[in-house]
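Asks: Residue numbers (the working numbering): 217 to 376.
(1) Determine contact between the stretch 273-282 and the stretch 339-352, defined as no fewer than three beta-carbon pairs at a distance below 8 Å.
(2) Using only CA atoms, which one of 333, 353, 242 lies nearest to residue 296?
(3) For residue 271, is the classification buried or exposed, using 16 other Cβ atoms within 10 angstroms of its Cβ as the cut-off for buried?
(4) With the cut-off set at 7 Å, would you say residue 259 and residue 285 are in Cβ contact?
(5) Output yes or no for whether 7 Å exceeds the beta carbon distance between residue 355 and residue 320.
(6) Judging by CA-CA distance, which residue of 362, 263, 317, 229 is the nearest neighbour of residue 306?
(7) For residue 273 versus residue 236, is the C-beta spacing smaller than 7 Å?
(8) Name the two residues that bound the continuous alpha helix (DSSP H) containing residue 318.
(9) From this set, 350, 337, 346, 348, which residue's C-alpha is nearest residue 362's C-alpha?
(10) For the beta strand (DSSP E) containing residue 228, list its first residue and its last residue.
(11) Measuring CA to CA, which of 350, 247, 238 is closest to residue 322?
(12) Kindly indicate the opening and closing residues of the alpha helix (DSSP H) around residue 258.
(13) Do residue 410 and residue 335 have their CB atoms nearer than 7 Å?
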């Protein structure tokens, strides 16, 4: 190796385990500016409790640097064919643009292909341009299904 060459650590992708909760919460906190421990505790328990485990963690040089949580559905939501959802993906800001999210996606897609899943759905905030670009980069396109939302009036409902 010459002095201008640098050895790049390999990204290791593996199944998530219960011990990853603190790392997931730490990374998400860096990304969102708040702790969502209760949310991720429930999400991780659900992901690990499913019969089909497709949620992944990424390590770079032995450090936990990213995660991807997904689910597989068989006939839910009015869709007769099995499909998967990518619920959340997070990469520590210090390790962005190093291929971590792409490595997580590639392993996720490989695992799903092994289960004969042919479609993955996700949702993204249109204003999160970095995430929109990532999903475009790995081949996501607009769906024929649309996501609807409605704000609920928070005033007290009078008893009739």
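All residues carry an ideal CB built from backbone N, CA and C; glycine is no exception.
Here the structure is a predicted model, which means the values were calculated and not measured.
Replies: Let me lay it out:
(1) Look at the beta carbons and you see the stretch 273-282 not touching the stretch 339-352: under three pairs across the two are nearer than 8 Å.
(2) Of 333, 353, 242, the residue nearest in Cα terms is 333.
(3) Label assigned to residue 271: buried.
(4) Yes, they are a contact pair.
(5) In this structure, residue 355 keeps its C-beta atom at 7 Å or more from the C-beta atom of residue 320.
(6) Among 362, 263, 317, 229, the Cα nearest to that of residue 306 is on 317.
(7) Cβ distance < 7 Å, so residue 273 and residue 236 count as in contact.
(8) From DSSP, the alpha helix (DSSP H) with residue 318 extends over 316-330.
(9) Here the closest residue by C-alpha is 337.
(10) Run containing residue 228: 227-231, per the beta strand (DSSP E) assignment.
(11) The shortest C-alpha separation from residue 322 is found at 350.
(12) Taken as a continuous stretch (DSSP letters only), the alpha helix (DSSP H) holding residue 258 covers 253-265.
(13) Outside the shown range of the chain (217 to 376) lies residue 410, about which nothing can therefore be said.
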